[in-house]
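Residue 173 is where the sequence shown starts when you use the numbering used here, and the numbers rise one by one after that.
Right, one structure below, let's go through it.
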Amino acid sequence: MAAEVDPAEVQTEQEEDVEVIPLTVEFSGGLEMLFADKKVHAIGLPAKTPDGKASNIAFLVDQVCEHLMEDDRKELFIQDDSVRPGILVLINDADWELEGEEKYEVKKGDKIMFVSTLHGG
Numbered sequence: 173m174a175a176e177v178d179p180a181e182v183q184t185e186q187e188e189d190v191e192v193i194p195l196t197v198e199f200s201g202g203l204e205m206l207f208a209d210k211k212v213h214a215i216g217l218p219a220k221t222p223d224g225k226a227s228n229i230a231f232l233v234d235q236v237c238e239h240l241m242e243d244d245r246k247e248l249f250i251q252d253d254s255v256r257p258g259i260l261v262l263i264n265d266a267d268w269e270l271e272g273e274e275k276y277e278v279k280k281g282d283k284i285m286f287v288s289t290l291h292g293g
């Protein structure tokens, strides 16, 4: 399911001429309910963090929580400033543990998927 990138969908309050990385973020396994019941989001992420470092998964997680998450229950997605245990993170269909987890520097065209592995009974 391809979606057009809307660079304005996720941008911090920085200057308008900030370089933006187009990428796709997908939520499944129930996580989409935290993000307006929308599974796929084509976003534009600032290429640099506010402190001038290259954007990474940790920055992406912060930005999607701030700009995409419509549900107030952030604890269902974040715990101790990281993705909650029980959420599988895939970077271009590979486990994020193989890519450096939160330190992975996001690249143009990346597909980042968050999948909840926790299910009610």
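Yeah, the Cβ is synthetic: ideal placement off N, Cα and C, and Gly gets one too.
Nonlocal neighbours in the same chain, by C-beta distance under 7 Å from ASN264, ignoring five residues either side:
ASP282, LYS283
When the Cα of PHE199 is compared with those of ASP209, GLU191, VAL190, ILE193, which residue comes out closest?
The alpha carbon of PHE199 has as its nearest neighbour, out of ASP209, GLU191, VAL190, ILE193, the alpha carbon of ASP209.
Does the beta-carbon of VAL197 have 16 or more other beta-carbons within 10 angstroms, so that it is buried, or is it exposed?
It counts as buried.
Alpha helix (DSSP H) segment containing ALA230, residue limits
229-239
Which same chain residues end up closer than 7 Å to ASN228 when comparing Cβ atoms and leaving out the 5 residues on each side of it in sequence?
GLU274, LYS275, TYR276, GLU277, VAL278
Within a Cβ cutoff of 6 Å, which residues of the same chain sit near LEU203, ignoring the five residues on either side of it in sequence?
PHE286, SER288
Rounded to whole angstroms, how far is the Cβ of LEU195 from the Cβ of LEU217, which I believe are closer than 8 Å?
Contact holds; Cβ gap of about 6 Å.
Whole angstroms is fine: what's the gap from GLU269's alpha carbon to ALA219's?
22 Å
Taking only three categories from DSSP, how would you classify LYS275?
helix
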